[in-house]
Amino acid sequence: MSNGIDTSQGLMGPVVRGGKWLVLAETAVRATHTVRTLVLMVLFSAKDWGLWAAIFTTLHLLRNLSDTGISMVAIQHREGDSAEVLSTTWWLEVLRGVVLGGLLVVLAPVVGLCFPDSGPRLVGLLRVVSLVFLLEGFVSVGIITAQRRLAFNRLVLIQQGSTMLSILLAVVLGVVFRNVLALVIAELLRATLLLALSYVVLPVRPSLAAGFATLVLLLRRGWHLYVARLSEFLTLRGAVFVVGRILGTTQLGCYHLALNFGLLPSIFITAVVSRVIFPAFAKMQDDSTRLKEALLRVQRFVVQVCVPASLGIVALAPVLAAIKGIEYAPMVRPTQVFALAVVAAGVSSINVSALLGLGRFDLVRKLRLLQLLLVAFAIYPLTRYFGLPGAAMVAWLELVIWVLVARLNGRRIGCGVGVQLRNMLFIIAPAAAMGLTVALLWCFLHDRIILYAVGVIVLSPAAYFLALWRAAPVHARESWDVLKQAVGGSSAEGLS
C-alpha cells in the first residue's frame with residue numbers, strides 16, 4: 283500500500299523535510315512554555331504549583347492506565363491506513379474518553395486523600411478538568427494517517443497550535459486569577475482547540491464498521507506498549523504522589539518545577555525527535571544496515587543538543603531561586619540532579635524508538651516494567667532520607683535502560699553499547715570546555731547573579747561550540763547540515 287513517501291532516495295530526506303515543522307513548532311512551544319512558567323512562578327505560590335502537579339499527574343496517569351497502545355500499533359502496522367483499522371481505533375478512543383471523564387469525577391475524592399493539606403480544593407479542580415478526556419476522545423483519527431505519511435506540518439497546526447494558544451491564554455488568566463485555576467481553564471481550552479482543529483485540518487470520517495478481528499489484533503500487540511508507556515510514566519511522574527504525601531504540596535510544587543526545568547531537553551527529545559524518527563525507523567525495519575546508520579546519526583545529533591543543554595541547566599539552576607526568594611530555593615538541587623540525567627534519557631529514547639520500529643513492543647514493555655520496579659523500590663527511601671534531590675535521583679535509572687536496550691539493538695542491528703559509546707566520544711572535549719567556563723564564571727561572579735546568568739548564557743555555549751568544531755568538525759558539520767535542511771527544507775539524500 284502506498285503511504286505517500288518516496289523511499290527511493292532514503293527515508294531521512296522526508297523525515298527531515300517533514301519533521302522540520304514539528305521541530306520548529308515544538309521548539310517554539312517549549313520556549314513559550316518555559317517563559318510562561320517563569321512568569322507564573324512570580325504570580326503563583328509553590329503550593330499552587332503543587333496542586334497543578336497533582337492535577338497534571340492524575341490526568342496523565344489515567345491516560346496511561348487506559349492507553350491500549352493501538353495508535354502506535356496502527357502507525358507501525360503495514361495496513362495502518364485501512365478504513366477498518368482507522369475506524370476501530372477511533373471508536374475505541376471515543377469509548378476511552380467517555381469512561382475516563384466519568385471515572386475521574388468519581389475518583390477525585392480518592393486522589394484528594396493523597397494530598398491531605400489540599401484535598402477539598404483539589405477534588406473540585408479535578409472534576410472540572412475531567413471534561414478534557416471527553417473532548418480528546420473525539421479527536422479525528424486522521425492524526426494517525428498524518429503520522430504514517432510523515433505529514434508533520436498538519437500535525438503541528440493541530441497539536442502544537444492548540445498547545446501554543448493555551449499557553450498564551452494561561453499567562454493572561456494567570457494575571458487575572460493568580461492561582462492554579464488559570465492552568466485548569468487553559469487545559470480545557472487546549473482540548474477544545476485540539477478537537478476542532480483535528481477535523482478542520484484532517485477531516486477523516488470513521489465508518490461505523492469497526493472490525494472485531496482488527497480490534498483483537500491491535501489490542502494483542504498494543505498491550506505491550508500499554509505496559510511500557512504506563513511504566514515509563516510512573517517512573518517519571520509517580521514520585522509526585524510520594525513527594526506530596528511525605529513532604530507536602532508546597533514541596534511538591536518545587537519538585538514539579540524542578541522536573542520540568544531539569545528534564546526539559548529530554549522531554550523535548552521525546553516529544554519531537556522520537557515522534558519524527560519512530561515512523562522512519564518502522565519503514566527501515568527490513569534493512570538493518572540503514573537502521574543502524576540512521577540510529578547512530580540521530581544519536582550524534584541528540585548528544586550534541588543534550589550535553590550543552592544539560593550543563594546549562596545545571597549552571598543556571600541557582601538563578602531560578604532568585605525569582606521569588608526563599609520559596610523556590612528547594613528546587614535548585616533537584617533541578618541539577620534531573621539535568622544530569624538528560625543525556626542518558628535522550629539517548630535511551632532514540633534506542634527505544636529503534637526497537638519499536640523493529641516491532642519489538644514486547645521487549646520495550648519488559649524494559650519499562652523493570653525500570654518501574656527499580657523506581658518503586660528506591661523512591662520512598664530516597665525521598666524520606668534525602669528529600670527532593672533524592673526523589674530526583676530516580677531519573678538516573680534511565681542509564682540502566684539505555685544499556686539494556688543498546689544491548690538488544692546490538693543483537694539485532696549491530697549497534698550495541700560499545701558501538702554507541704565510541705559514537706559519542708567526540709563530545710567529551712566540548713563538554714569539558716563548557717564545564718570549565720561555567721566553573722570560572724561561578725568562581726568570579728556567583729555573588730552577582732545577573733552577570734553570572736548572562737555569562738553562562740553567552741560564554742559557555744560559545745566555548746562548547748568552538749571546542750566542538752575544533753575536536754569533531756565532521757560531526758559538527760553533519761549536525762549543522764541537518765539543521766539547515768530542517769529549516770530550509772533542502773534535499774537530504776545524503777542522510778539515508
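According to this note's numbering, the stretch in the sequence shown is residues 283 to 778, in order. For every residue, glycine included, the Cβ atom is placed at its ideal position computed from N, Cα and C.
If GLY526 and CYS396 are in contact, beta carbons under 8 Å, what's the gap, nearest whole angstrom?
Within the sequence shown, numbered from 1, the residue matching residue 526 stands at position 244. Within the sequence shown, numbered from 1, the residue matching residue 396 stands at position 114. Contact flag correct, Cβ pair sits at about 6 Å.
What number of angstroms, rounded off, separates the C-alpha of PHE583 from the C-alpha of ARG694?
As a working mapping, residue 583 is identified with position 301 in the sequence shown. As a working mapping, residue 694 is identified with position 412 in the sequence shown. Straight-line measurement puts the Cα of ARG694 at about 22 Å from the Cα of PHE583.
What three-state label does DSSP hand GLN291 in the structure shown?
Taking the sequence shown and counting its residues from 1, one reaches residue 291 at position 9. A caution first: GLN291 carries a pLDDT of 41, below 50, which makes its placement in the model unreliable, though a value can still be read off. When DSSP states are grouped into helix, strand and coil, GLN291 belongs to the coil group.
How about the stretch 451–462 and the stretch 325–343: do they share at least three Cβ pairs that are nearer than 8 Å?
Under the 8 Å Cβ criterion, the stretch 451–462 counts as touching the stretch 325–343, having at least three qualifying pairs.
Pick from VAL587, ALA677, LEU578: whose alpha carbon is nearest that of CYS697?
Start at 1 with the first residue of the sequence shown, and residue 697 comes out as number 415. Minimum Cα distance to CYS697 is reached at LEU578.
What do you get for HIS757, buried or exposed, if any count of 16 or more other CB atoms within 10 angstroms of its CB means buried?
As a first step, residue 757 must be located in the sequence shown, where it is residue number 475. By the neighbour-count criterion, in which a residue is buried when 16 or more other Cβ atoms sit within 10 angstroms of its Cβ, HIS757 is buried.
Tell me which same chain residues have a C-beta within less than 6 Å of the C-beta of ALA674, skipping the five on either side of it?
Start at 1 with the first residue of the sequence shown, and residue 674 comes out as number 392. If we look at ALA674 and ignore the five residues flanking it on each side, its Cβ neighbours are PRO616, VAL619, PHE620.
N- and C-terminal bounds of the alpha helix (DSSP H) containing ARG582:
Counting from one through the sequence shown, the residue named residue 582 turns up at place 300. ARG582 -> alpha helix (DSSP H) spans 570–602.
Mapping DSSP to helix, strand and coil, what is ILE797?
Here the chain comprises residues numbered 283 to 778, so residue 797 is not present and cannot be evaluated.
Residue from CYS725, LEU341, ASP644, PHE550 with nearest C-alpha to ALA627:
Here residue 627 refers to the residue found at position 345 of the sequence shown. The option with the nearest alpha carbon to ALA627 is PHE550.
Test item: CB-CB of GLU308 and VAL405 under 9 Å:
Here residue 308 refers to the residue found at position 26 when the sequence shown is read from its first residue. Here residue 405 refers to the residue found at position 123 when the sequence shown is read from its first residue. Their beta carbons are not under 9 Å apart, which means GLU308 does not touch VAL405 by this criterion.
Taking the C-alpha atoms as reference points, what is the distance between ALA744 and LEU681?
For the purposes of this step, residue 744 is taken as the residue at position 462 of the sequence shown. For the purposes of this step, residue 681 is taken as the residue at position 399 of the sequence shown. Each residue's CA atom was taken as its position, placing ALA744 and LEU681 some 28 Å apart.
Where does PRO398 sit, in a helix, a strand or coil, going by DSSP?
As a first step, residue 398 must be located in the sequence shown, where it is residue number 116. PRO398 falls in the coil class under three-state DSSP.
If you draw a straight line from the C-alpha of SER312 to the C-alpha of ARG472, how long is it?
Here residue 312 refers to the residue found at position 30 when the sequence shown is read from its first residue. Here residue 472 refers to the residue found at position 190 when the sequence shown is read from its first residue. First, the residue type needs correcting, since residue 312 is Arg and not Ser in the sequence shown. One C-alpha to the other measures close to 15 Å.
Below 8 Å on the Cβ atoms is my contact criterion, and I expect VAL629 with GLN581 to pass it. Report the Cβ-Cβ distance as a whole number of Å.
Position 347 of the sequence shown, counting from 1, holds the residue named residue 629. Position 299 of the sequence shown, counting from 1, holds the residue named residue 581. A Cβ-Cβ distance of about 6 Å is found for the pair VAL629 and GLN581, placing them in contact under the 8 Å criterion.
If you draw a straight line from the alpha carbon of VAL411 to that of ASN705, how long is it in whole angstroms?
Counted from its first residue, the sequence shown places residue 411 at position 129. Counted from its first residue, the sequence shown places residue 705 at position 423. In a straight line, the C-alpha of VAL411 is about 45 Å away from that of ASN705.
Just to confirm before moving on: does the CB-CB distance between ILE792 and PHE543 stay below 9 Å?
Since the first residue shown for the chain is 283 and the last is 778, residue 792 is missing from the structure and cannot be characterised.
Local conformation of ALA310 per DSSP, three classes
In the sequence shown, residue 310 corresponds to position 28, counting from 1. ALA310 sits in a helix when the DSSP states are folded into three classes.
Use the C-beta contact count for LEU725: other C-beta atoms within 10 angstroms, 16 or more gives buried, fewer gives exposed.
Here residue 725 corresponds to residue number 443 of the sequence shown, with the count starting at 1. A small correction: the amino acid at residue 725 is Cys; Leu does not occupy that position in the sequence shown. So CYS725 counts as exposed.
Give me the Cα-Cα distance between ASP729 and LEU593, rounded to the nearest whole angstrom.
The residue you call residue 729 lines up with position 447 of the sequence shown. The residue you call residue 593 lines up with position 311 of the sequence shown. For ASP729 and LEU593, the distance between alpha carbons rounds to 20 Å.
Please state whether DSSP places VAL271 in a helix, a strand or coil.
In the structure as shown, the chain begins at 283 and stops at 778. Residue 271 is therefore absent and cannot be evaluated.
Alpha carbon to alpha carbon, what distance is there between LEU333 and THR427?
Counting from one through the sequence shown, the residue named residue 427 turns up at place 145. Counting from one through the sequence shown, the residue named residue 333 turns up at place 51. Cα to Cα, THR427 sits roughly 36 Å from LEU333.
At least three beta-carbon pairs within less than 8 Å, the stretch 652–660 to the stretch 705–715:
Segments in contact, no.
CB contact flag (VAL687, VAL634, <9 Å)
Within the sequence shown, the letter at position 405 stands for residue 687. Within the sequence shown, the letter at position 352 stands for residue 634. Yes, they are a contact pair.
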